[in-house]
Amino acid sequence: MQIPWRNSRRFLGKIFNQPVYAGKVAAKRSKAYYAYYAGNGEAGLPEAVTLFLTHRCNLRCRMCGQWGDQGVTRNKPAGDRTADMPVEDMKKIIDDIASFRPNITLFGGEPLLHRHAHELIGYIKKKELHCLMITNGSMLSRYGHGLVESGLDELNVSVDGGMELHDEIRGVPGLYSRIMDGLKEVTDLKEKMKTKTPLINLQCTINRHNYRHLEQMVTVAEEIRANSLTFHNLIFLDRDTMEKQLEFDRMLDCSSLNWEGFVCEPQVDPEALHAKIKDISRSKPDFPIDMYPNFSKEQLNDYYLNPSYAPSNGQGRCVSPWMTGYIFPDGELRPCLNFDYSFGNVRAESFAEVWNSEKAVRFRSTVRENRMLPACVRCTELYRY
Numbered sequence: 002m003q004i005p006w007r008n009s010r011r012f013l014g015k016i017f018n019q020p021v022y023a024g025k026v027a028a029k030r031s032k033a034y035y036a037y038y039a040g041n042g043e044a045g046l047p048e049a050v051t052l053f054l055t056h057r058c059n060l061r062c063r064m065c066g067q068w069g070d071q072g073v074t075r076n077k078p079a080g081d082r083t084a085d086m087p088v089e090d091m092k093k094i095i096d097d098i099a100s101f102r103p104n105i106t107l108f109g110g111e112p113l114l115h116r117h118a119h120e121l122i123g124y125i126k127k128k129e130l131h132c133l134m135i136t137n138g139s140m141l142s143r144y145g146h147g148l149v150e151s152g153l154d155e156l157n158v159s160v161d162g163g164m165e166l167h168d169e170i171r172g173v174p175g176l177y178s179r180i181m182d183g184l185k186e187v188t189d190l191k192e193k194m195k196t197k198t199p200l201i202n203l204q205c206t207i208n209r210h211n212y213r214h215l216e217q218m219v220t221v222a223e224e225i226r227a228n229s230l231t232f233h234n235l236i237f238l239d240r241d242t243m244e245k246q247l248e249f250d251r252m253l254d255c256s257s258l259n260w261e262g263f264v265c266e267p268q269v270d271p272e273a274l275h276a277k278i279k280d281i282s283r284s285k286p287d288f289p290i291d292m293y294p295n296f297s298k299e300q301l302n303d304y305y306l307n308p309s310y311a312p313s314n315g316q317g318r319c320v321s322p323w324m325t326g327y328i329f330p331d332g333e334l335r336p337c338l339n340f341d342y343s344f345g346n347v348r349a350e351s352f353a354e355v356w357n358s359e360k361a362v363r364f365r366s367t368v369r370e371n372r373m374l375p376a377c378v379r380c381t382e383l384y385r386y
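Reading the sequence shown from the start, the letters are residues 2 to 386 in the working numbering.
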């Protein structure tokens, strides 16, 4: 069994910061690896479940595959764009999956646009499940207080740089200040309540607008007393790769049009990016800084410049469909953020039945046979496990 060292090193950081959480993940992950290498497409119940509370978002960030310049969500029917999952349905799903104790991620769109987000977090925490929220941070001044009081474990906030750069990329003047004010409120309330949670994790997506200015993020993280800072390499596809993916779509009788939002020219100079990463690595802040994926200089050049790029060091396989499931507002359980392929609907059947349904086994078997699908090549999840 080959598990890339960089992935193991990332996981060791979790052990020191959240030992109970990390131990639980390790046990489930080992079972998932075994099922991947020795199984027939079936999988043990996953270590993580992502709940998409809504497709709605209040921003139009340039690089976003959902609502950005090339985003596909903006072209979907109005009903699909604005649908939220009813809170009672979400609670029933939580009741169903609580028995195998997955880690829960709340995502969107912008999850804080769902008017029952706090209520759901509180319900998840009553079940003693680990809960993380991914947000653009724009609504933290209004709702941050509730996030602390609800018991949220981790708050992942997307920031692109300092004030001018962030607001330019997001296209909303004053947005950076709103995020910083909201994060300060969260931090101050944590201190007042004498609690360490939610951990504040800043997430920065590397893109053509900010890759020469990433050092700004270290300053931002210091100012708001973040617990960690992660730089994510840009997810992108070229047209040839997208065409190859469409061939698999026909074989699986599904659509991966969501990947169209990631077809672009990255316009990132990997030499300049590597130099910037080296500069940042010399800084010694009080929080961990992670480059994700954590590439060498040669790998970075290959990633951004080679049209025939293929992952190396054992990461040329996708294990995510054995590890995590994605539940969308309509109740469909999918193996990936960007495939319309559904294992089934968890509002109609139990999670366990859908997770190893005939369609689920077929999808995993196809992924296992091909190691990954064409669109997986630069996907974040490919490098997570």
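Virtual Cβ for every residue (Gly too), placed ideally from N, Cα, C.
Let me know if residue i comes out buried or exposed under the rule of 16 or more other beta-carbons within 10 Å of its beta-carbon.
{"i": "TRP6", "result": "Reliability fails at TRP6, whose pLDDT of 46 lies under 50, so the model's placement of it is uncertain and the value that follows must be treated cautiously. By the 10 Å Cβ count, TRP6 comes out exposed."}
{"i": "PRO375", "result": "buried"}
{"i": "ALA49", "result": "buried"}
{"i": "GLU299", "result": "exposed"}
{"i": "LEU383", "result": "buried"}
{"i": "GLY175", "result": "exposed"}
{"i": "ILE125", "result": "buried"}
{"i": "LEU215", "result": "buried"}
{"i": "GLY317", "result": "exposed"}
{"i": "PRO20", "result": "exposed"}
{"i": "TYR1", "result": "No answer is possible for residue 1: it lies beyond the span of the chain, which begins at 2 and ends at 386."}
{"i": "ARG335", "result": "buried"}
{"i": "THR234", "result": "Per the sequence shown, residue 234 should be read as Asn rather than Thr. With 16 or more other Cβ atoms within 10 Å, it is buried."}
Which partner residues does residue i have in the DSSP bridge list?
{"i": "MET1", "result": "Any property of residue 1 remains undetermined from this structure, which presents the chain solely from 2 to 386."}
{"i": "ALA49", "result": "ASN104 and THR325"}
{"i": "THR136", "result": "VAL158"}
{"i": "ASP287", "result": "In the DSSP output, where bridge partners are listed per residue, ASP287 has none listed."}
{"i": "ASP85", "result": "THR55"}
{"i": "ASN346", "result": "GLU333"}
{"i": "VAL264", "result": "LEU238"}
Could you spell out where the beta strand (DSSP E) holding residue i opens and where it closes?
{"i": "MET292", "result": "290-293"}
Does the beta-carbon distance from residue i to residue j come in below 9 Å?
{"i": "ILE290", "j": "PHE232", "result": "yes"}
{"i": "VAL187", "j": "GLY145", "result": "yes"}
{"i": "GLU111", "j": "THR55", "result": "yes"}
{"i": "LEU113", "j": "LEU141", "result": "yes"}
{"i": "SER358", "j": "GLU350", "result": "yes"}
{"i": "LEU203", "j": "ILE225", "result": "yes"}
{"i": "ILE207", "j": "VAL269", "result": "yes"}
{"i": "LEU46", "j": "PHE352", "result": "yes"}
{"i": "ARG363", "j": "ILE236", "result": "no"}
{"i": "LEU107", "j": "LEU133", "result": "yes"}
{"i": "ASP341", "j": "ASN259", "result": "yes"}
{"i": "TYR305", "j": "LEU274", "result": "yes"}
{"i": "ASP161", "j": "ASN211", "result": "yes"}
{"i": "PRO271", "j": "LEU238", "result": "no"}
On the DSSP letters alone, give me the boundaries of the alpha helix (DSSP H) that residue i sits inside.
{"i": "LYS333", "result": "The question names Lys, yet the displayed sequence has Glu at residue 333. Here GLU333 belongs to no alpha helix (DSSP H); instead the beta strand (DSSP E) covers 333-335."}
{"i": "VAL149", "result": "141-151"}
{"i": "HIS115", "result": "From DSSP, HIS115 is part of no alpha helix (DSSP H); its letter is neither H nor E."}
{"i": "SER282", "result": "271-282"}
{"i": "ASP303", "result": "298-306"}
{"i": "LYS447", "result": "Summary: the structure shown does not reach residue 447, with the chain confined to residues 2 through 386, and so no result is reported for it."}
{"i": "VAL355", "result": "352-356"}
*What residue ranges within the segment 212-242 form continuous alpha helix (DSSP H) runs of no fewer than 4 residues, ordered along the chain?*
Whole alpha helix (DSSP H) segments, 4+ residues: 216-224.
*Which ranges would you report for the beta strand (DSSP E) in the segment 169-218 if only whole runs of at least 3 residues count?*
Correct list: 200-206.
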